[in-house]
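Going line by line, the protein sequences match chains A and B. Just so you know, the first sequence maps onto residues 1 to 329 in the numbering used here. Just so you know, the second sequence maps onto residues 1001 to 1329 in the numbering used here. A virtual CB, placed ideally from N, CA and C, is assigned to each residue, including glycine. Just so you know, these numbers come straight off a predicted model, no measurement behind them.
2 protein chains.
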Amino acid sequence: MAVTIKDVARAAGVSPSTVCRALSTPELVRAETRERVQRSAAELDYSPNRAARGLITGRTGNLGLIVPDLGNPFFPGVVKGIQARAREADHAVFLADTDEDPAAEAQLVRTLAKQVDGIVLCSPRMSEQELRGVAALTPVVLLNRRVGRLPAITFDNVDGMRQAVTHLTALGHRRIAYVAGPRASWSNRERVRGLRLAIAAAGAELVEVGPVQPQFDGGVAAADQVLAAGVTAVIAYNDVIALGLLSRLNARGIAVPAAISVLGFDDIALSAMVHPSLTTVGLPMKSCGRAGVDLLLGLLQDPDKFGTTRRELGTQLMVRGSTGPAPSA
Amino acid sequence: MAVTIKDVARAAGVSPSTVCRALSTPELVRAETRERVQRSAAELDYSPNRAARGLITGRTGNLGLIVPDLGNPFFPGVVKGIQARAREADHAVFLADTDEDPAAEAQLVRTLAKQVDGIVLCSPRMSEQELRGVAALTPVVLLNRRVGRLPAITFDNVDGMRQAVTHLTALGHRRIAYVAGPRASWSNRERVRGLRLAIAAAGAELVEVGPVQPQFDGGVAAADQVLAAGVTAVIAYNDVIALGLLSRLNARGIAVPAAISVLGFDDIALSAMVHPSLTTVGLPMKSCGRAGVDLLLGLLQDPDKFGTTRRELGTQLMVRGSTGPAPSA
DNA sequence: CAACGCTCCGCAAAGGATTTCACACTCTCC
DNA sequence: GGAGAGTGTGAAATCCTTTGCGGAGCGTTG
């Protein structure tokens, strides 16, 4: 039923070999023949069966993409970037959502490994050891995590925190709370590191709250501790937590930013839609996805390319309505 | 490098044919042999090359999934449902995001068609004609859209609107605005239909505003028209528009729900996180995804199964903070 | 004892594309 | 005019798995 290389060969009056060459290495076939073949292929709307090709070339033209939770608005941005770049490179993308289950991650890599040329692992939750294990199975690129010398795209969390703290201290805040994300999270550790550096440099004071789940309810739960800590500003591990904070503060009748400033991380679309809108450290999610695919495809072309296998992307503070001058009291 | 059926055959001291049979049709091979083969396969961690299998069986074990925009929080829910169900059935999922481009949809179907057993089309934007065209290429299931007799999973929009209007009229609202989504949207047409029925049944009055883009800014843009219409309640085509409404109303100092009630559609996660939280008609997104995969897999097993190729899922009004009694004035 | 039937397994073909190798042909140059 | 180089094409092998067909071996029956 589907049109095969033989059909094209018959239509063009040549052998399958020639069809293959005319389409994949045109310079090897005489101009006249080439055109005849290409015309026949176009007329029949022929495109090679990728499975059959993969069988012999060893390349499938597919990429795997594993994310912890599509429901977290951070990920769709990354996924879109990956999608777009992969399509440009004529690759299809297998998507798998692990529901935040580290065990499922490793399992899925193993399953996908045989069907793809490489896998993009988005904010993987599994241990370093497991990660090295699966990296031995198939080419892998890490997004938003760094482990040893494995290829990875990350954000400059430290500089992001510097921007955040600079913004807050410029507004007169001297005592700042941080609502921590999961201890196992690499990006949380990086953000804490950057935060401590920036706080120390500014001579300010830091109060750490948490860790909490990086979800709305985590922020809700942390809000009262933040208030009890007597700070004038709070930085959340991510925007979703910050939104939870805003919600609870609002419910308790605390004015934002008049009484307390709130600052998030990620710049998910939602952040601009709430009231007050959320000041946040923006991460280039789409670029991250694109860069990840670029890196992976590069690695596939030239497997021993060391050196540029890791990239760090810049961040940008988005100042909105949830931060303001420290209360003069 | 990868372990093939021959490796297993050698290890077990049988032919590749026997290995294949022992693993896929165990009853055809003697118990003793079967166990030996299965043990060897397990030891070598063998699993059949799906591309090679697909080449001969004609089934790839892959499904395609096309969504207009992952950034719209409605879709990740559906995608997660699809993911989960597909994985249970041991199928992998190709994901493609069209960025709301109807032309890309048709193109992607054509590209994916050869690599998958069937495709789930999520809220497709393309025309009925194109839709029928691509349905001829490969088995297709529609989600959130109905066209002729094509297999489809939809929501009971009419009943959803009935619930919404019943809720509002019970609160004393008599004059209600509707902010319409895109004219080309099937679900918008259905919602309008249900709305008119319910409004007529309740003897209330309807003011239609829009259509606007189904995005935050669309809601922002519609808010002032809604206010000018002198209504006491407004129903939005979807939650994202409703959030835009809330934002603009808040900016203009209009109290919600004291001065005006706002009601959305979809129940995206965000709706519960804003202030006031959004009353909305909840759609079972995950179930929708699961049902779509079920339908598709059923169709693949038995291609001539007419009758149960279309399902409509119930909706559930989620009453939250954005709706209240009509102002007594 | 011969014939038949059954079970279990191996051989070989098939599926679609790529690639190596060899063949045929043209052209050049001695 | 024939040897050699170079170009363009086809035949056949290969990738890995599945499956129709047939053969070997054994047990049963007339």
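* **From B:R1174, B:V1120, B:K1114, B:P1048, residue whose alpha carbon lies closest to that of Q1083 of chain B** => Considering only alpha carbons, the answer is B:V1120.
* Which residues in chain B sit within 7 Å of L70 of chain A, going by Cβ to Cβ distance? -> Neighbours of L70 of chain A on chain B, chain order: P1076, V1079, K1080.
* Asked: Do we get a CB-CB distance below 8 Å when we pair R50 of chain A with the residues of chain B?
  -> By this cut-off, R50 of chain A is an interface position.
* To do: Measure from the C-beta of P1073 of chain B to each C-beta in chain A and report whether the shortest distance is under 8 Å.
  => Yes - at least one Cβ of chain A is within 8 Å of the one on P1073 of chain B.
* **Residue-chain proximity (M1126 of chain B, chain A), Cβ-Cβ < 8 Å** => Under the Cβ distance rule, M1126 of chain B does not count among the residues neighbouring chain A, no pair being separated by less than 8 Å.
* Where Q1163 of chain B falls, given that 16 or more other Cβ within 10 Å makes a residue buried -> It is buried - the Cβ of Q1163 of chain B has at least 16 other Cβ atoms within 10 Å.
* Asked: Short check: CB of V1274 of chain B to CB of V1234 of chain B, under 8 Å?
  -> Contact: no.
* Asked: Name the chain A residues whose beta carbon is nearer than 8 Å to that of T1060 of chain B?
  -> Chain A residues near T1060 of chain B: A51.
* To do: Answer yes or no: do V1014 of chain B and V1037 of chain B have a C-beta to C-beta separation smaller than 8 Å?
  => Going by C-beta atoms, V1014 of chain B is nearer than 8 Å to V1037 of chain B.
* Quick one: does M318 of chain A have its CB under 8 Å from some CB of chain B? -> Chain B, which has no Cβ nearer than 8 Å to the Cβ of M318 of chain A, makes this no.
* **Cut-off 6 Å between Cβ atoms - residues of its own chain near A1096 of chain B, not counting five sequence neighbours on either side** => Residues I1066, L1108 of the same chain have their beta carbon placed closer than 6 Å to that of A1096 of chain B, with the five preceding and five following residues left out of the count.
* CA-to-CA distance, R87 of chain A to T280 of chain A, given in whole angstroms -> When rounded, the distance between both Cα atoms is 31 Å.
* With distances taken between CB atoms, is the gap from S328 of chain A to L246 of chain A smaller than 8 Å? -> Not in contact: S328 of chain A and L246 of chain A (Cβ atoms no closer than 8 Å).
* Under a three-way DSSP split, which group does L297 of chain A fall into? -> The answer is helix: DSSP assigns L297 of chain A an H, G or I state.
* Asked: How do the region 159–176 of chain A and the region 121–132 of chain A stand: do at least 3 beta-carbon pairs fall below 8 Å, yes or no?
  -> Output reads no: the region 121–132 of chain A does not touch the region 159–176 of chain A.
* Spatial neighbours of L1113 of chain B in its chain, beta-carbon cut-off 6 Å, leaving aside the 5 residues before and after -> Contrary to the premise, residue 1113 of chain B reads as Ala rather than Leu in this sequence. So the qualifying residues of the chain are L1137, T1138.
* From the beta carbon of F265 of chain A, is the nearest beta carbon of chain B less than 8 Å away? -> Taking 8 Å as the CB threshold, F265 of chain A stays off the interface with chain B.
* **Delimiting residues of the alpha helix (DSSP H) encompassing G1160 of chain B** => It spans 1157–1170 - the alpha helix (DSSP H) in which G1160 of chain B sits, taken as one unbroken run.
* Asked: Cβ of M161 of chain A less than 8 Å from any chain B Cβ?
  -> Any Cβ of chain B closer than 8 Å to the Cβ of M161 of chain A would place that residue at the interface, and such an atom is absent.
* **Three-pair Cβ contact test at 8 Å for the region 1210–1222 of chain B versus the region 1293–1301 of chain B** => Here the region 1210–1222 of chain B makes no contact with the region 1293–1301 of chain B; the two share fewer than three CB pairs at distances below 8 Å.
* To do: Would you list the one or two residues that DSSP bridges to Y178 of chain A?
  => Looking at the DSSP assignment, Y178 of chain A forms a beta bridge with A:E208, A:I235.
* Should L1313 of chain B and L1063 of chain B be called a contact, given that it needs their Cβ atoms to be closer than 8 Å? -> By the CB criterion at 8 Å, L1313 of chain B and L1063 of chain B fall outside the cutoff.
* List, in order along the chain, the chain A residues whose C-beta lies closer than 8 Å to that of V1134 of chain B? -> For V1134 of chain B, no chain A residue has a Cβ inside 8 Å of its Cβ, as the nearest lies near 14 Å away.
* Residues within the region 96–107 of chain A neighbouring chain B, beta-carbon criterion of under 7 Å -> If the cut-off is 7 Å between Cβ atoms, the region 96–107 of chain A has A96, D97 near chain B.
* How long is the line joining the alpha carbons of S40 of chain A and R30 of chain A, rounded to whole angstroms? -> Between the alpha carbons of S40 of chain A and R30 of chain A lies a distance of about 16 Å.
* Report yes if the CB atom of S123 of chain A is closer than 8 Å to the CB atom of R146 of chain A, and no otherwise. => No, they are not a contact pair.
* Asked: Would you report the Cα separation of S1024 of chain B and R132 of chain A, rounded to the nearest angstrom?
  -> S1024 of chain B and R132 of chain A: Cα-Cα distance of roughly 33 Å.
* **Extent of the continuous alpha helix (DSSP H) to which Q1107 of chain B belongs** => Its alpha helix (DSSP H) spans residues 1102–1113.
* Bridge partners of I1153 of chain B, per DSSP? -> Looking at the DSSP output, I1153 of chain B bridges to B:L1143, B:R1311.
* Where K1286 of chain B and P325 of chain A are concerned, what is the direct C-alpha to C-alpha distance, given to the nearest angstrom? -> Roughly 44 Å between the two C-alpha positions.
* Asked: What span of residues does the alpha helix (DSSP H) with A272 of chain A cover, start to end?
  -> Where A272 of chain A is concerned, there is no enclosing alpha helix (DSSP H), given that its DSSP letter is neither H nor E.
* Answer with yes or no whether the minimum CB distance from Q1115 of chain B to chain A is below 8 Å. => Q1115 of chain B counts as touching chain A.
* Around the Cβ of D45 of chain A, are there at least 16 other Cβ atoms within 10 angstroms (buried) or fewer (exposed)? -> Exposed is the call here.
* Does any residue of chain B bring its CB to less than 8 Å from the CB of H275 of chain A? -> Look at H275 of chain A: its C-beta is under 8 Å from a C-beta on chain B.
* Kindly indicate which three-state DSSP category M318 of chain A falls into: helix, strand or coil? => When secondary structure is reduced to three states using DSSP, M318 of chain A falls in the strand class.
* **Whole runs of the beta strand (DSSP E) within the region 1020–1084 of chain B, excluding any shorter than 3 residues** => If we require 3 residues or more, the beta strand (DSSP E) runs fully inside the region 1020–1084 of chain B come out as 1062–1067.
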